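Colleague: My questions will all concern the structure given below.
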Amino acid sequence: MRIHDLSSSTCERATAPLCALAFAAALLVFILPAQAHPHVFVDGGVDFVFDESGKLDALKVTWLYDEFESLYILSSNKLSLTADGKLGEEDRQQLIRLRSNWPDDFEGSAHLSVDGAAVQLSRPADFDANLINGQLQMTFTRHLDQPVQLNRSKAELAFYEATYFYAFAVTKNPRLLGAESSCTANVIPFEADAQDDVLKSALAKLSREETPDIADVGAFFADRITLQCAS
Amino acid sequence: MRLLIIACLAVLVAVSLYLAADFSRLAEWAANAQRGFQNQMATAIRGLRTGEPGAYAALLSATLAYGFVHALGPGHGKYLVGGVGLGTSVTTRRLIGLAISSSLAQAIWAILLVYGGFYVIEVSAHQVQAAAEEALAPASYVAIACIGLTLVWRGVRSLQNASKSGHETVSSNCGCHSHAPTIDEAAQVKSLRDATALVLSIAIRPCTGAIFLLVIAWQMDLRLPGATAVLAMGLGTAMLTSLVAMSSIAARGAVFASTNVYRLNFAFPAIQICTGTLIALTSFSLLGLLT
Chain A
1 MRIHDLSSST
11 CERATAPLCA
21 LAFAAALLVF
31 ILPAQAHPHV
41 FVDGGVDFVF
51 DESGKLDALK
61 VTWLYDEFES
71 LYILSSNKLS
81 LTADGKLGEE
91 DRQQLIRLRS
101 NWPDDFEGSA
111 HLSVDGAAVQ
121 LSRPADFDAN
131 LINGQLQMTF
141 TRHLDQPVQL
151 NRSKAELAFY
161 EATYFYAFAV
171 TKNPRLLGAE
181 SSCTANVIPF
191 EADAQDDVLK
201 SALAKLSREE
211 TPDIADVGAF
221 FADRITLQCA
231 S
Chain B
1001 MRLLIIACLA
1011 VLVAVSLYLA
1021 ADFSRLAEWA
1031 ANAQRGFQNQ
1041 MATAIRGLRT
1051 GEPGAYAALL
1061 SATLAYGFVH
1071 ALGPGHGKYL
1081 VGGVGLGTSV
1091 TTRRLIGLAI
1101 SSSLAQAIWA
1111 ILLVYGGFYV
1121 IEVSAHQVQA
1131 AAEEALAPAS
1141 YVAIACIGLT
1151 LVWRGVRSLQ
1161 NASKSGHETV
1171 SSNCGCHSHA
1181 PTIDEAAQVK
1191 SLRDATALVL
1201 SIAIRPCTGA
1211 IFLLVIAWQM
1221 DLRLPGATAV
1231 LAMGLGTAML
1241 TSLVAMSSIA
1251 ARGAVFASTN
1261 VYRLNFAFPA
1271 IQICTGTLIA
1281 LTSFSLLGLL
1291 T
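Below, the structure is given as structure tokens:
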């Protein structure tokens, strides 16, 4: 093939500007972002549990995985579906056992603060798992180390995972459980601004095994639930 | 035919420039589309398990669509295919053939890795996925970097020839003394060795989506459907990479439509060196060697 044959290729003089654009577009292959972070999307939410004296005592957390991720969680734990596409009871119990062990450095998705001060939460307890319409739903409880009387303080629950490997979203309306309380909960979804896009692009370049340099980076993209009490 | 290609190019350029103007939007769109097709794959897998009619076709179409969108993300050698299209004299037909071969080889390798691993040495799903990410991805980047550096080397050789000999060395048919490889020959991707290197450098890194699907198929006792679905996924990625091949070659044409034959002595090797460097630099960046 001769070099001069190239000039009789698709792009002739008349369409040179279009091809110059195509050239520029073609260079994009070198700089398109990887978008490899976050890797797992989890829907869910948090319910607030009050004790008899009206103090905020615990959080009941719900995680709802995508259908594909649910199948992968089951399969990688050597569990399968029954012939009618459901999760058998024995497998369900095994799954609960396997998923109850959080690694030491995993903080979970619930980050609670009252008037800006972080509130210590205990390790998760009371795990349950169910397969609902192909989606794996996990629920567990996180007790507050010290139950808090909210009065007129503003409590905020940020729903995120610190490294943004998991992208959590509040899709379930928060409920107020336990003793009667005069509190209201509101969901404030995350809204992106220009800075967030820059950060997201930087994160997108990370591979599955890499951790972002910025500590607590997931917090930037978190959905939040505010809890306001009358007294 | 030519008009059709130009029309497709125009659409592709317009869409990609529009989306790429804001990279994070493009990435977000791709991630959402991937998520949607993944869940369609899951619905089809459950349907296969319960014996629902049409589930197999649903799985194949979902994996094909997923493969196409997933190829926008990391892996699948877009920058190598695009770079080769821009910087060598490879024909469109050949480069598309290489793109398709790379994607299918990548799919077959994923099947061998996962099914072979589970069957022969009983690895865990996590081990396969970690091996892919920690060993095979870097291996792929190194291999692709070598190809980039080879292009640079060939371009440098061509430049040396062009400046050394008194006459044009564009054609090998000048009828006089023997030449070192001409620009023509140096710029080709014709040899079986070149083609194999290109295909293997991309194929060695299996697609994570394929690995997950195979892990699921193995456990759910849907091994044959899983394997064919992964091949369909490979076809999907092949379609996207072929688009990259076509647009990069068409773009290359623009340079030569407006360059006279004499300057080609220098222009062509220069572009070859440039794209070879870009390929190598992108690989180094992905290897984490550039901060």
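Taken in order, these protein sequences are the chains called A and B.
Numbering-wise (the numbering used here), the first sequence opens with residue 1 and increments by one.
Numbering-wise (the numbering used here), the second sequence opens with residue 1001 and increments by one.
Where a beta carbon is used, it is the ideal one built from N, C-alpha and C, also for glycine.
A quick note: this is a predicted structure, and the numbers were derived from the prediction, not measured.
So what does DSSP say about A/LYS154, is it helix, strand or coil?
Modeller: Strand, per DSSP.
Colleague: Taking Cβ-Cβ distances shorter than 7 Å, what residues in chain A pair up with B/GLN1127?
Modeller: Going along chain A, no residue has its Cβ under 7 Å from B/GLN1127, so there is no contact; the nearest lies around 10 Å.
Colleague: Is A/LEU144 closer than 8 Å to A/LEU121 when the C-beta atoms are compared?
Modeller: Yes, the pair counts as a contact, with Cβ atoms nearer than the cut-off.
Colleague: From B/SER945 to A/VAL198, what does the alpha carbon distance come to, in whole angstroms?
Modeller: The structure shown does not extend to residue 945 of chain B, since chain B is modelled only from 1001 to 1291, so the question has no answer here.
Colleague: According to DSSP, what are the bridge partners of A/LEU112?
Modeller: In the DSSP output, where bridge partners are listed per residue, A/LEU112 has A/LEU157.
Colleague: Could you tell me whether any Cβ in chain B is nearer than 8 Å to the Cβ of A/ASP213?
Modeller: Not an interface residue.
Colleague: Give me the Cα-Cα distance between A/ALA179 and A/VAL49, rounded to the nearest whole angstrom.
Modeller: Spanning the two alpha carbons is a distance of roughly 8 Å.
Colleague: Among all the DSSP beta bridges, which residues are the ones paired with A/HIS143?
Modeller: Answer is A/ALA58, bridged to A/HIS143.
Colleague: Tell me, which residues are paired with A/MET138 by DSSP?
Modeller: Bridge partners of A/MET138: A/TRP63, A/ALA129.
Colleague: Could you give the DSSP three-state label for A/CYS183: helix, strand or coil?
Modeller: In this structure, A/CYS183 counts as strand in the three-state DSSP scheme.
Colleague: Can you confirm whether the region 1139 to 1154 of chain B touches the region 1277 to 1291 of chain B when touching is taken to mean that 3 or more C-beta pairs between the two stretches lie within less than 8 Å?
Modeller: Contact holds: three or more Cβ-Cβ distances are below 8 Å.
Colleague: Taking the beta strand (DSSP E) that A/ALA167 belongs to, which residues open and close that run?
Modeller: Per DSSP, A/ALA167 belongs to the beta strand (DSSP E) from 166 to 170.
Colleague: How big is the Cα-Cα spacing for B/THR1169 and B/GLY1097?
Modeller: For B/THR1169, the predicted structure reports a pLDDT of 47, less than 50, and the residue's modelled location is therefore unreliable. A value from the coordinates is still provided. Roughly 29 Å between the two C-alpha positions.
Colleague: For B/SER1178, which residues in the same chain have their Cβ closer than 6 Å to its Cβ, ignoring the five residues on either side in sequence?
Modeller: Confidence is the limiting factor: at B/SER1178 the pLDDT is only 47, short of 50, which leaves the residue's position unreliable, though a coordinate-based value still follows. There are no such residues.
Colleague: So, at 6 Å on beta carbons, what are the nonlocal neighbours of A/SER100 in its own chain, with the 5 sequence-adjacent residues on each side left out?
Modeller: Excluding sequence neighbours, A/SER100 sits near PHE127.
Colleague: Just the Cα atoms here: how many angstroms apart are B/ARG1035 and B/MET1239?
Modeller: Each residue's Cα considered, the two are about 19 Å apart.
Colleague: For A/PHE140 versus A/GLY44, is the C-beta distance shorter than 8 Å?
Modeller: Contact flag unset, no.
Colleague: Does A/ALA222 come within less than 8 Å of chain E when only Cβ atoms are used?
Modeller: No chain E is part of this structure, whose protein chains are labelled A and B.
Colleague: Let me check understanding here. Comparing Cα to Cα, which of B/ARG1093, B/THR1043, B/GLU1028 lies closest to B/LEU1072?
Modeller: Looking at the Cα atoms, B/GLU1028 is the closest of the given residues.
Colleague: When you compare each of B/GLN1219, B/PRO1206, B/VAL1156, B/ARG1193 to B/TYR1119 by their alpha carbons, which one comes out closest?
Modeller: Here the closest residue by C-alpha is B/GLN1219.
Colleague: Which complete alpha helix (DSSP H) runs does the region 1018 to 1080 of chain B hold, if anything under 4 residues is left out?
Modeller: Complete alpha helix (DSSP H) runs here, min 4: 1023 to 1050, 1055 to 1070.
Colleague: Indicate the three-state DSSP secondary structure (helix, strand or coil) for A/THR226 in the structure shown.
Modeller: Three-state result, A/THR226: strand.
Colleague: Rounded to a whole number of angstroms, what is the C-alpha to C-alpha distance between B/ILE1202 and B/ASN1161?
Modeller: C-alpha separation (whole angstroms): 31 Å.
Colleague: Who are the Cβ neighbours of B/VAL1152 in its own chain at under 8 Å, not counting the five residues just before and after it?
Modeller: Cβ neighbours of B/VAL1152 beyond the five flanking positions: GLN1272, ILE1273, GLY1276, THR1277, ALA1280.
Colleague: Identify which residue in B/MET1233, B/ARG1094, B/SER1102, B/ILE1121 has its Cα closest to the Cα of B/ALA1197.
Modeller: The candidate whose alpha carbon is nearest that of B/ALA1197 is B/SER1102.
Colleague: Which whole-angstrom value describes the C-beta separation of A/PHE159 and A/ILE225, a residue pair presumed to lie in contact below a C-beta threshold of 8 Å?
Modeller: Contact holds; Cβ gap of about 7 Å.
Colleague: By Cβ distance below 6 Å, which residues in the same chain neighbour A/LEU131 in space, the five residues on each side in sequence not counted?
Modeller: Taken in chain order, the residues that qualify are LEU87.
Colleague: Helix, strand or coil: how does DSSP classify A/PHE220 here?
Modeller: Helix, per DSSP.
Colleague: If you count every other CB in all the chains shown that lies within 10 Å of the CB of B/GLY1288, and 16 or more means buried, which is it?
Modeller: B/GLY1288 comes out exposed.
Colleague: At a Cβ cut of 9 Å, what residues of the region 60 to 73 of chain A count as close to chain B, listed as they run along the chain?
Modeller: Flagged, chain order: ASP66, GLU67, PHE68, GLU69, SER70, LEU71, TYR72.
Colleague: Flag A/GLY134 as yes if its beta-carbon sits less than 8 Å from any beta-carbon of chain B, otherwise no.
Modeller: True, the Cβ-Cβ gap to chain B drops below 8 Å.
Colleague: Please determine, among A/LEU98, A/VAL217, A/GLY218, A/VAL119, the residue with the shortest C-alpha to C-alpha distance to A/VAL148.
Modeller: For the residues A/LEU98, A/VAL217, A/GLY218, A/VAL119, the minimum Cα distance to A/VAL148 belongs to A/VAL119.
Colleague: At what residues does the beta strand (DSSP E) containing A/GLY44 begin and finish?
Modeller: Looking at the DSSP string, the run of the beta strand (DSSP E) that includes A/GLY44 is 40 to 50.
Colleague: Sort out for me which residues DSSP pairs A/GLY178 with in a bridge.
Modeller: A/PHE50, per the DSSP bridge assignment.
Colleague: Please name the residue in B/SER1089, B/ALA1099, B/THR1092 whose C-alpha comes closest to that of B/TYR1079.
Modeller: Of B/SER1089, B/ALA1099, B/THR1092, the residue nearest in Cα terms is B/ALA1099.
Colleague: With 8 Å set as the bound, which would you pick, yes or no: does the beta-carbon of B/ASN1039 sit closer than that to a beta-carbon of chain A?
Modeller: Chain A, which has a Cβ nearer than 8 Å to the Cβ of B/ASN1039, makes this yes.
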